[in-house]
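A.B. asks: Respectively, the protein sequence lines represent chains X and S.
At the far end of the first sequence sits residue 393, using our numbering, and the numbering has no gaps.
At the far end of the second sequence sits residue 393, using our numbering, and the numbering has no gaps.
Following this message is one structure expressed as structure tokens.
There are 2 protein chains.
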Amino acid sequence: MNEFNEYFKSAFTVDNVIFGFDEGDLKVLLIKRGEEPYHGKWGLPGYFVYPNEDLDTAAKRVLEELTGLRNVFLEQVKTFGTVNRHPFGRVITVAYFSLIKISHYTLQPSSIARKAKWHSVAEVEDLAFDHNDILNACFNRLKWLVRSRPVGFELLPPKFTLTELQHLYEAILETKLDKRNFRKKILTMDLLVDLEETQEGVAHRPARLYQFDRNRYEQLLAEGLSFELKESKRKEPTERKPRTRRKPQQMA
Amino acid sequence: MNEFNEYFKSAFTVDNVIFGFDEGDLKVLLIKRGEEPYHGKWGLPGYFVYPNEDLDTAAKRVLEELTGLRNVFLEQVKTFGTVNRHPFGRVITVAYFSLIKISHYTLQPSSIARKAKWHSVAEVEDLAFDHNDILNACFNRLKWLVRSRPVGFELLPPKFTLTELQHLYEAILETKLDKRNFRKKILTMDLLVDLEETQEGVAHRPARLYQFDRNRYEQLLAEGLSFELKESKRKEPTERKPRTRRKPQQMA
DNA sequence: CACGCTTAGTGTATATTGTACACAATTTAC
DNA sequence: GTAAATTGTGTACAATATACACTAAGCGTG
Chain X
142 MNEFNEYFKS
152 AFTVDNVIFG
162 FDEGDLKVLL
172 IKRGEEPYHG
182 KWGLPGYFVY
192 PNEDLDTAAK
202 RVLEELTGLR
212 NVFLEQVKTF
222 GTVNRHPFGR
232 VITVAYFSLI
242 KISHYTLQPS
252 SIARKAKWHS
262 VAEVEDLAFD
272 HNDILNACFN
282 RLKWLVRSRP
292 VGFELLPPKF
302 TLTELQHLYE
312 AILETKLDKR
322 NFRKKILTMD
332 LLVDLEETQE
342 GVAHRPARLY
352 QFDRNRYEQL
362 LAEGLSFELK
372 ESKRKEPTER
382 KPRTRRKPQQ
392 MA
Chain S
142 MNEFNEYFKS
152 AFTVDNVIFG
162 FDEGDLKVLL
172 IKRGEEPYHG
182 KWGLPGYFVY
192 PNEDLDTAAK
202 RVLEELTGLR
212 NVFLEQVKTF
222 GTVNRHPFGR
232 VITVAYFSLI
242 KISHYTLQPS
252 SIARKAKWHS
262 VAEVEDLAFD
272 HNDILNACFN
282 RLKWLVRSRP
292 VGFELLPPKF
302 TLTELQHLYE
312 AILETKLDKR
322 NFRKKILTMD
332 LLVDLEETQE
342 GVAHRPARLY
352 QFDRNRYEQL
362 LAEGLSFELK
372 ESKRKEPTER
382 KPRTRRKPQQ
392 MA
């Protein structure tokens with residue numbers, strides 16, 4: 142088709158905002174660019190989408206080459222395609238973000254991985270291309286997501302304390318949370334297994350360890366429950382009390 | 142750059158899910174395809190992104206050629222790029238949705254517009270390409286958006302009744318709402334101007350007409366208020382009562 | 001012009017959820 | 001055994017959500 146050839150003139154890529162959590166704050170994995178443009182600047186990991194590759198597959202590939210991880214949380218966020226965003230030509234990029242457990246991350250031998258480093262999201266400086274915009278878009282998406290789904294667990298090691306979980310939420314939401322209210326809320330979601338173990342090697346009262354119960358989560362999801370941080374559903378959403386009848390009232 | 146040329150092999154397009162509201166239900170503007178592939182099927186309006194055109198601009202262009210409207214609500218939703226979504230080649234499409242007032246819509250002379258027709262969202266049949274997926278993604282986004290921002294007004298004529306507004310919300314959320322609770326909620330948002338006019342020519346008690354107060358909305362937005370349908374903020378978010386002190390309590 | 005039809009408009013009581021708040025318990029280090 | 005550090009825990013009140021039914025107002029008809 143002629144029309145087709147006429148518009149076969151753009152490249153497109155995926156960029157991946159990889160979030161991790163460590164030392165009490167939220168991190169993003171950046172790469173020091175070894176080539177033009179923006180040589181020497183930090184940027185998001187990304188690459189061209191191969192001709193026979195789905196977008197999601199390309200994003201997974203980029204993630205795996207860099208971190209060695211598969212089957213982690215990965216979601217498309219937004220596509221950035223301003224005409225001049227790339228100085229060498231028209232490049233449209235689809236932004237993804239992923240959530241990984243830094244404890245599972247191992248430095249990969251690939252050349253790209255050797256230039257990667259975790260940065261605190263709060264302290265990210267001026268990045269290559271429009272990558273600051275992309276990072277912001279993904280961070281905002283994460284903020285929204287963490288309120289509506291229990292994605293926080295993707296960022297924590299398998300066993301964690303409630304305080305660690307709270308610090309994670311605080312880092313993502315950029316706010317302080319009340320300890321008691323937070324625990325009440327989280328525990329009524331009924332997604333945590335109390336491992337009946339405690340921390341070891343800490344110079345204070347050791348905290349209990351918990352585990353995220355993924356099966357329970359999927360079960361509850363299937364039942365159509367939501368997990369808004371501001372809206373924990375009651376246990377038996379089925380039966381609603383027939384409430385004591387009153388006399389009809391007038392309304393002025 | 143060699144790398145570049147190697148990947149200059151894909152086309153990309155924008156597709157636009159244009160929502161309107163009429164006769165009490167939510168509509169989407171579809172086009173009957175006059176060419177292959179999917180000749181004769183209904184599909185979303187869309188077109189190639191020109192080489193020197195931003196994505197948003199392309200989406201606006203498609204919208205304007207079809208409806209003659211500018212400055213309407215338009216937002217990017219998601220990018221669809223499965224390898225085989227287009228039978229003639231690799232085509233990646235960025236999906237947008239827009240909200241327009243059907244009363245302002247005028248049939249355009251362009252050839253594309255003459256094949257356009259409003260369909261009830263609830264009754265959309267099998268569309269060309271993956272356009273059903275795109276429509277669903279946009280519809281879901283609209284559902285979410287309508288709870289967090291007062292976008293409903295984009296779909297109504299400038300003057301409307303509260304019942305019309307409620308029907309719109311019901312159509313989008315696919316649920317019934319309680320009349321009194323809905324009114325209470327909407328009015329406490331303080332975004333409506335009571336025009337002190339009433340409907341004319343209806344065979345029953347005429348309803349009051351209201352208008353959306355866009356200035357007020359922007360003012361409140363700037364003050365950082367949110368507009369969740371489930372969470373109307375109180376009027377003075379500044380002053381919080383110092384509450385009567387109680388004696389410290391023990392727990393357990 | 002009285003009556004019936006149709007939709008508009010309105011308040012309150014209860015249930016649920018959010019929020020503010022402080023101290024005793026447990027472990028380690030010295 | 002005492003200080004330091006952090007965990008773990010309940011309750012009162014405020015705010016919001018929800019359930020619910022009748023009168024008001026205008027039109028059409030006989």
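Ideal Cβ placement from N, Cα and C applies to all residues, glycine included.
For S/Glu205, I'd like the list of residues in its chain whose CB is within less than 8 Å of its CB, leaving aside the five on either flank, ordered along the chain.
C.D. replies: Within the same chain, Arg211 come within 8 Å of S/Glu205 by CB-CB distance, once the 5 residues on both sides are set aside.
A.B. asks: Taking 7 Å as the CB-CB limit, is X/Thr220 close to chain S?
C.D. replies: yes
A.B. asks: With S/Phe368 as the anchor, note down where its beta strand (DSSP E) starts and where it stops.
C.D. replies: Element bounds for S/Phe368: n/a, residue is neither H nor E.
A.B. asks: With 16 other CB atoms within 10 Å as the buried threshold, where does X/Trp183 fall?
C.D. replies: buried
A.B. asks: Distance check for X/Leu170 and X/Val158, CA to CA, integer angstroms please.
C.D. replies: 7 Å
A.B. asks: Does the Cβ-Cβ distance between X/Gly293 and X/Leu268 come in under 7 Å?
C.D. replies: no
A.B. asks: Looking at the strands, I want to know which residues DSSP matches up with X/Arg346.
C.D. replies: The partner list for X/Arg346 (beta bridge, DSSP) is empty, contrary to what the question assumes.
A.B. asks: So does X/Val218 have its beta carbon nearer than 6 Å to some heavy atom of the ligand HEM?
C.D. replies: Absence of the ligand HEM is noted for the structure shown, with no ligands found whatsoever.
A.B. asks: What does X/Thr223 reach in chain S if we use C-beta pairs closer than 7 Å?
C.D. replies: Asp195
A.B. asks: Do X/Val190 and X/Val155 come within 7 Å of each other at the CB atom, strictly closer than that value?
C.D. replies: yes
A.B. asks: CA-CA distance, S/Ser261 and S/Leu167?
C.D. replies: Distance between the alpha carbons of S/Ser261 and S/Leu167: 6 Å.
A.B. asks: Starting from S/Ser289, trace the alpha helix (DSSP H) both ways and give me its first and last residue.
C.D. replies: 272 to 289
A.B. asks: If you reduce the DSSP assignment to three classes, tell me which class X/Gln360 lands in.
C.D. replies: helix
A.B. asks: Determine the chain S residues that contact X/Gln217 at a beta-carbon separation under 9 Å, and present them in chain order.
C.D. replies: Near X/Gln217 (Cβ distances below 9 Å), the residues of chain S are Lys219, Thr220.
A.B. asks: Between which two residues does the alpha helix (DSSP H) carrying S/Asp166 extend?
C.D. replies: It is not in any alpha helix (DSSP H) - S/Asp166 instead sits in the beta strand (DSSP E) that spans 166 to 173.
A.B. asks: Counting only runs of 3+ residues fully inside the segment 191 to 248 of chain S, write out the beta strand (DSSP E) ranges in chain order.
C.D. replies: 214 to 221, 232 to 240
A.B. asks: Taking the beta strand (DSSP E) that X/His260 falls in, what are its first and last residues?
C.D. replies: 257 to 261
A.B. asks: In whole angstroms, give me the CA-to-CA distance for X/Asn322 and X/Gly222.
C.D. replies: Distance from the CA atom of X/Asn322 to the CA atom of X/Gly222, rounded to whole angstroms, is 43 Å.
A.B. asks: Identify each residue in the segment 231 to 244 of chain X for which the Cβ-Cβ distance to at least one residue of chain S is less than 7 Å, and report them in chain order.
C.D. replies: Arg231, Ile233, Val235
A.B. asks: What residue does the beta strand (DSSP E) around S/Ile159 start on, and which one ends it?
C.D. replies: 152 to 163
A.B. asks: What would DSSP say about S/Leu336, mapped onto helix, strand or coil?
C.D. replies: strand
A.B. asks: On the CB-based measure, 16 or more other CB atoms within 10 Å of its CB, does X/Phe270 come out buried or exposed?
C.D. replies: Looking at its Cβ environment, which holds 16 or more other Cβ atoms inside 10 Å, X/Phe270 is buried.
A.B. asks: Would you mind sorting X/His345 into buried or exposed? The rule is 16 or more other CB atoms within 10 Å of its CB.
C.D. replies: Counting Cβ neighbours within 10 Å, X/His345 comes out exposed, since fewer than 16 surround it.
A.B. asks: For S/Gly165, which residues of its own chain have a beta-carbon under 8 Å away from its beta-carbon, when the five flanking residues on both sides are left out?
C.D. replies: Exclusion of the five residues before and after S/Gly165 leaves His308, Ala312 as the residues of its chain whose Cβ lies within less than 8 Å of its Cβ.
A.B. asks: Taking 7 Å as the threshold (C-beta atoms), are X/Leu332 and X/Arg357 in contact?
C.D. replies: Cβ distance < 7 Å, so X/Arg357 and X/Leu332 count as in contact.
A.B. asks: Could you tell me which of S/Glu315, S/Pro347, S/Lys173, S/Gly181 sits nearest to S/Ala263, measuring between CA atoms?
C.D. replies: S/Glu315
A.B. asks: Compile a chain-ordered list of the residues in the segment 182 to 193 of chain X whose CB is closer than 9 Å to at least one CB of chain S.
C.D. replies: Phe189, Val190, Tyr191, Pro192, Asn193
A.B. asks: Given 8 Å as the limit, is there contact between the segment 236 to 245 of chain S and the segment 285 to 301 of chain S, that is, 3 or more CB pairs closer than that?
C.D. replies: yes
A.B. asks: I'd like the list of long-range same chain contacts for S/Val203, defined as Cβ closer than 7 Å, with 5 residues on each side in sequence excluded.
C.D. replies: Val155, Asn157, Pro186, Gly187, Tyr188
A.B. asks: State the Cα-Cα distance for the pair S/Leu283 and X/Leu303, rounded to the nearest angstrom.
C.D. replies: Taking the straight line from one Cα to the other gives about 35 Å.
A.B. asks: Rounded to a whole number of angstroms, what is the C-alpha to C-alpha distance between S/Lys326 and S/Gly175?
C.D. replies: Distance from the CA atom of S/Lys326 to the CA atom of S/Gly175, rounded to whole angstroms, is 46 Å.
A.B. asks: With distances taken between CB atoms, is the gap from X/Gln360 to X/Leu336 smaller than 7 Å?
C.D. replies: Contact: no.
A.B. asks: Excluding five sequence neighbours on each side, which residues of the same chain lie with their C-beta closer than 8 Å to the C-beta of X/Asp274?
C.D. replies: Phe221
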